[in-house]
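Residue numbers (our numbering): 12 to 178.
Now the structure itself:
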């Protein structure tokens, strides 16, 4: 009996980040997709942040992302709270914990909250932040004073956060 010829499968097309996305961040390929590398990871690799500063900013990023998640619980979460006698009233305990920790971290940041959020959470580079806050020179680069101030402030924010989390 003759074997039927198998048709070769079409190669999988992997979509790369758009030019606009690539202009605003770095990406690396993970399996069949691309993942944006957080700005604080790049800064730590370039030795612009100490491991202690990086740990503080990374924790702040994790808590901020957890706080931004939807407040709608899945069915398992509701079932577990019901089984423990919590009922359907109020927020889940993990959401309350996250909100309290976020308040604690932002209180420690004080006036550095804006730059910490921009760099650690929103993935805006210090260069982009400096250009937005202080303007640019004729050649389009951020003013040096603002760039130096931004670097000092993000490092100070990392130190403050590390102190709070005990890193």
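Backbone N, C-alpha and C fix where the C-beta goes; we use that ideal spot for every residue, glycine too.
- Scanning its chain for C-beta atoms nearer than 7 Å, with the 5 sequence neighbours on each side dropped, one finds around residue 175 the residues 115, 116, 119, in chain order.
- By the CB criterion at 8 Å, residue 125 and residue 36 fall outside the cutoff.
- Here residue 25 carries a coil assignment [DSSP, helix/strand/coil].
- Residue 129 is not a Cβ neighbour of residue 78, given a cutoff of 8 Å.
- Assigned with DSSP and collapsed to three states, residue 61 falls in coil, not helix or strand.
- Contact between residue 72 and residue 131 holds: CB atoms are separated by about 4 Å, below the 8 Å threshold.
- The beta-carbon separation of residue 65 and residue 51, rounded to 6 Å, stays under the 8 Å limit for a contact.
- Its chain contains 154, 157 as the residues whose beta carbon lies nearer than 6 Å to that of residue 145, once the 5 sequence neighbours on both sides are disregarded; these appear in chain order.
- Counting other Cβ atoms within 10 Å of its Cβ, residue 70 reaches 16 or more and is therefore classed as buried.
- If you look at residue 128, you'll find it isn't in any beta strand (DSSP E); DSSP assigns it neither H nor E.
- The distance from the Cβ of residue 60 to that of residue 166 is about 7 Å, consistent with a contact at the 8 Å cut-off.
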